Amino acid sequence: MSAATSIALPLVQAFHPATFLERGVAVAFTTPHLAGVRARPAERGGIEFIVPNPSGGRGVYILGWQGVCQICRPTVHDTRLNAHLAALPAVTPAALRHAAREVAGEGLAGREAQAAAAAGLAAEGQDRLVTNFLLLLALVRQMEPEGMGELAAGRGSAFDLEQRARRSVARIAPRLGRPAEAIGAALEELAAVFAGIGLPGQAPPPRIARLLAGLRRLQQDLGPWVLRTEVEAAARASLVAAGAALTLTCAAQTLSEAQAMTADMAEALRRWTDTPGRVAELVARPEWLLDGWEPICLLWTCAGTDAERSAALGEMAALVPVLPRETSEWIGMAVETEGQLAYRKNVPLNHDWRTGTLFERVARNEHLRALAA
Amino acid sequence: MSGDLRTVARALRDAPAARVREAVAMIDALAERGAADALIVPLRGRLRQLGIPRRLGFVRLLFLPLDSVIRDPAFWRAEQAAVPRSALAPLGAAVQAALSEQAGAIRAAIAAGMPGADLVDRFGPPLWTAGAEVLRALSAAAAPRPGWDRTGLPTACLAPIATACACVLGAETALRAAIDGPDGPAVMARVLAATAAAGPDCLALLSAVLLGRCAAPAGPLALLARAATAAGPAAHAAVDRALTAVFERLEREAGAGLSATAADQAAGLLAAVANGTSPRQQALAQAVQLRLDAACRARLETELAAQVLAPLRELTGEAAPAAVVALEHEARALAGYAAAARQLGNADRYDRLLRDAAAAVRAPAGAPALTPIDRVRMVEILAGPEAALALLEGREPGAAIAPPPRASARNPG
Numbered sequence: 001m002s003a004a005t006s007i008a009l010p011l012v013q014a015f016h017p018a019t020f021l022e023r024g025v026a027v028a029f030t031t032p033h034l035a036g037v038r039a040r041p042a043e044r045g046g047i048e049f050i051v052p053n054p055s056g057g058r059g060v061y062i063l064g065w066q067g068v069c070q071i072c073r074p075t076v077h078d079t080r081l082n083a084h085l086a087a088l089p090a091v092t093p094a095a096l097r098h099a100a101r102e103v104a105g106e107g108l109a110g111r112e113a114q115a116a117a118a119a120g121l122a123a124e125g126q127d128r129l130v131t132n133f134l135l136l137l138a139l140v141r142q143m144e145p146e147g148m149g150e151l152a153a154g155r156g157s158a159f160d161l162e163q164r165a166r167r168s169v170a171r172i173a174p175r176l177g178r179p180a181e182a183i184g185a186a187l188e189e190l191a192a193v194f195a196g197i198g199l200p201g202q203a204p205p206p207r208i209a210r211l212l213a214g215l216r217r218l219q220q221d222l223g224p225w226v227l228r229t230e231v232e233a234a235a236r237a238s239l240v241a242a243g244a245a246l247t248l249t250c251a252a253q254t255l256s257e258a259q260a261m262t263a264d265m266a267e268a269l270r271r272w273t274d275t276p277g278r279v280a281e282l283v284a285r286p287e288w289l290l291d292g293w294e295p296i297c298l299l300w301t302c303a304g305t306d307a308e309r310s311a312a313l314g315e316m317a318a319l320v321p322v323l324p325r326e327t328s329e330w331i332g333m334a335v336e337t338e339g340q341l342a343y344r345k346n347v348p349l350n351h352d353w354r355t356g357t358l359f360e361r362v363a364r365n366e367h368l369r370a371l372a373a
Numbered sequence: 374m375s376g377d378l379r380t381v382a383r384a385l386r387d388a389p390a391a392r393v394r395e396a397v398a399m400i401d402a403l404a405e406r407g408a409a410d411a412l413i414v415p416l417r418g419r420l421r422q423l424g425i426p427r428r429l430g431f432v433r434l435l436f437l438p439l440d441s442v443i444r445d446p447a448f449w450r451a452e453q454a455a456v457p458r459s460a461l462a463p464l465g466a467a468v469q470a471a472l473s474e475q476a477g478a479i480r481a482a483i484a485a486g487m488p489g490a491d492l493v494d495r496f497g498p499p500l501w502t503a504g505a506e507v508l509r510a511l512s513a514a515a516a517p518r519p520g521w522d523r524t525g526l527p528t529a530c531l532a533p534i535a536t537a538c539a540c541v542l543g544a545e546t547a548l549r550a551a552i553d554g555p556d557g558p559a560v561m562a563r564v565l566a567a568t569a570a571a572g573p574d575c576l577a578l579l580s581a582v583l584l585g586r587c588a589a590p591a592g593p594l595a596l597l598a599r600a601a602t603a604a605g606p607a608a609h610a611a612v613d614r615a616l617t618a619v620f621e622r623l624e625r626e627a628g629a630g631l632s633a634t635a636a637d638q639a640a641g642l643l644a645a646v647a648n649g650t651s652p653r654q655q656a657l658a659q660a661v662q663l664r665l666d667a668a669c670r671a672r673l674e675t676e677l678a679a680q681v682l683a684p685l686r687e688l689t690g691e692a693a694p695a696a697v698v699a700l701e702h703e704a705r706a707l708a709g710y711a712a713a714a715r716q717l718g719n720a721d722r723y724d725r726l727l728r729d730a731a732a733a734v735r736a737p738a739g740a741p742a743l744t745p746i747d748r749v750r751m752v753e754i755l756a757g758p759e760a761a762l763a764l765l766e767g768r769e770p771g772a773a774i775a776p777p778p779r780a781s782a783r784n785p786g
């Protein structure tokens, strides 16, 4: 083995993060032993990983990449992904998603994930375009409300809209003390920031709306499972459903707050000009809240039979993200964030590699990567 | 079997896994399988090896707990801890007739397309318990059963076979709880004691079922020895018969190629017997282990060559994504198989076979249609991430990790 063998593992730690950054961001690793691993900035620079206790017990290890290599043999995809993560200027769900997409785009998670990465990139571009258009439309609607009904109903011409847009931007520019071109650029920047959450009712739904819909479906699907007579399956379903419900409430609220900014485009543009970091932080909140839920939803979706769903529930319960205490500040009310670490994986030690399951799990994880791209 | 069917059967025997899967699904979906059923017979070993599930019907669901001890009637002997396949149809028909309401619900669920695993979960336990009662009554009545004459078995075999099957079916629910539950050893000890009291044939069949199924057979083996000691010398002989039957099955399956799960189970069982107290069983286990190891290595070598290396060499031009995915799937299955089979001994020989295959893939002529990244992935599957990373970074295995790629210019906020 490599020099990593000389590194002693640190002690297992309890995991009760105060902030979302401390909780870290879910990493789309394909190595089965790295399920549920999160990344966050290390105190001394670089990145550290929060690794669920591999023994299946409570607590986590906080490890650098060498430590991770000591507890498993990461796939080439994961080694490359780690290298990309180490080069990131900021650890956010969006940054990790882009890094994961870049590595998948190289083909290291297979052809399916490679094609999905390209499709994901195109879809994101499409979301940005639609959002840009809707932001402009919102601005026009607020600046020149007269006759907007016709435009919104699609009866106005593109030329008419363009003229109105020009006039709206020209009218708002002096109010913000910026030239008209700068307003156009600011709108495009805002569109990039809002692309994930979009505007209320946006169609096709942007990424966050899709994730929320998926999580809502999962919560509904789990309803009958919570009432099952099999105690363990019911307990796991209950844990996942409760986590999903709490996350849905928090994410929906932060989403509404972020989208509410567009109700006053002049103010939104002013805030974006004065404090872009603050605006980006508010808009990113739903994604931080939903981070880690997509693979859980996909595990459920991919389970075709009740027996598979029952097995998937064990894995899903172990992956439920812990909400940090910062959640209460974000949504302005007390949130129960303890008691979410009740379940860990339940695979007999070494059973997976002895039966060759490990190889199938890598393939399964690559498939999930493709579905999540 | 007609000449046409024989030709199809021969073609299927050597067909790629995907083709076999399609053919079996098609045959299983037929309302009346008739002569097409004969196509399945020579494929049974391969289906197990490939892990291809069969569609459940009433009789298959009823006798599912006995799956590992069902034998081709041509090779079945009365002293074996096994059940001849031909006996299942008349016994199953008797149970179906006696449990008409339950059977109707099961048939309706099957017709509605309920997945096999859900059928087992929902209908299995009550069916096995009730089926055991019917078979016991059948055995006690000792009357000839309609259709028994088509089994090719003497009428005298009906009662002992029905009794032994009833024993296993009746114990199934408790056995499942014992294997998975917290009070496993205590529950299993009770089940074994009761079965030993029912007679050596029952104990032999249940032991064979148990030993063929347990992922960790050391505990059950010790419990069996204890139950046999309490029951007397005939019970000891019954456990020996069970072990012999399990080993025979493993060797027979090894001929067609053990599945990864079966290789893992075999390794566990052989280790448990080798660490046991019976010198006769130890000697038997040692000989079986050598033969299984040789068979598994031969299968790995053959399959690597036929299912991975030859198709890779023959793939030319720009490889279609589906072809690459299918080859990766084959390679992954074989790497998983090697991981399980290496426990049978000579682990380094399995590793060498995989390393040699990876070396062949690395050579340009070995896989002319693969992209460099496809090649890296194939090497990763066969020889592990270290070898693949070395190939990706253009260095030899064992060198230091190269620096990370360029910093990402993006900061999506």
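Each protein sequence line maps, in turn, to chains C and A. FYI, in the working numbering the residues of the first sequence are 1 to 373. FYI, in the working numbering the residues of the second sequence are 374 to 786. Glycine included, every Cβ here is placed at the ideal spot set by N, Cα and C. Since this is a predicted model, take the numbers as computed values, not measurements.
Do we get a CB-CB distance below 8 Å when we pair residue i with the residues of chain A?
i: Phe20 of chain C; result: no
i: Glu106 of chain C; result: yes
i: Arg73 of chain C; result: yes
What distance in whole Å lies between the Cβ atoms of residue j and residue i, which are believed to be in contact at a cut-off of 8 Å?
i: Ala535 of chain A; j: Leu511 of chain A; result: 5 Å
i: Gly641 of chain A; j: Pro590 of chain A; result: 6 Å
i: Ser310 of chain C; j: Ala233 of chain C; result: 5 Å
i: Val493 of chain A; j: Leu542 of chain A; result: No, Val493 of chain A and Leu542 of chain A are not in contact; Cβ-Cβ is about 13 Å, not under 8 Å.
So, for residue i: in the same chain, excluding its five sequence neighbours on each side, which residues have a beta-carbon less than 7 Å away from its beta-carbon?
i: Gln662 of chain A; result: Leu643, Leu717 and Gly718
i: Ala99 of chain C; result: Leu81, His84, Leu85 and Leu88
Mind listing the chain C neighbours of residue i? Cutoff is C-beta to C-beta under 9 Å, in chain order.
i: Glu701 of chain A; result: Gly110, Arg111 and Ala363
Might you give, ordered along the chain, the residues of its own chain that have their beta carbon closer than 8 Å to the beta carbon of residue i, omitting 5 neighbours on each side?
i: Ile331 of chain C; result: Thr249, Cys250, Gln253 and Thr254
i: Val68 of chain C; result: Leu34, Val37, Phe49, Val51, Pro74 and Asn82
i: Leu9 of chain C; result: Tyr61, Leu63, Gly67, Gln70 and Ile71
Can you list the residues of chain A that residue i reaches, using a CB-CB cut of under 7 Å?
i: Thr305 of chain C; result: Pro488, Ala490 and Asp491
At a CB-CB cut-off below 7 Å, which residues of chain C make contact with residue i?
i: Leu765 of chain A; result: Val76
i: Asp494 of chain A; result: Asp306 and Ala307
DSSP has residue i in a bridge; who is on the other side?
i: Ile47 of chain C; result: C:Pro41
i: Tyr61 of chain C; result: C:Val51
i: Gln13 of chain C; result: C:Val60
i: Val25 of chain C; result: C:Ala39
i: Val456 of chain A; result: A:Ile443
For residue i, which residues in the same chain have their Cβ closer than 6 Å to its Cβ, ignoring the five residues on either side in sequence?
i: Ala566 of chain A; result: Ala600
i: Arg270 of chain C; result: Leu176
i: Ala581 of chain A; result: Val442, Ala454, Ala615, Ala618 and Val619
i: Arg728 of chain A; result: Ala756
i: Gly585 of chain A; result: Ser441 and Val619
i: Ala117 of chain C; result: Arg101, Ala104, Gly105 and Ala373
Taking C-beta pairs closer than 8 Å, name the residues in chain A that residue i reaches, listed in chain order.
i: Phe359 of chain C; result: Arg705, Ala706, Ala708, Gly709, Ala712 and Ile754
So residue i contacts chain C; which residues on that side make the cut at Cβ distance below 8 Å?
i: Val749 of chain A; result: Val76 and Leu108
i: Ala698 of chain A; result: Residue identity check: residue 698 of chain A is Val in the sequence provided, not Ala. Here the neighbours are Gly110, Arg111 and Glu112.
Of all the CB atoms in chain C, is at least one closer than 8 Å to the CB of residue i?
i: Ile746 of chain A; result: yes
i: Pro844 of chain A; result: Chain A is shown only over 374 to 786; residue 844 of chain A falls outside these bounds and no answer can be derived.
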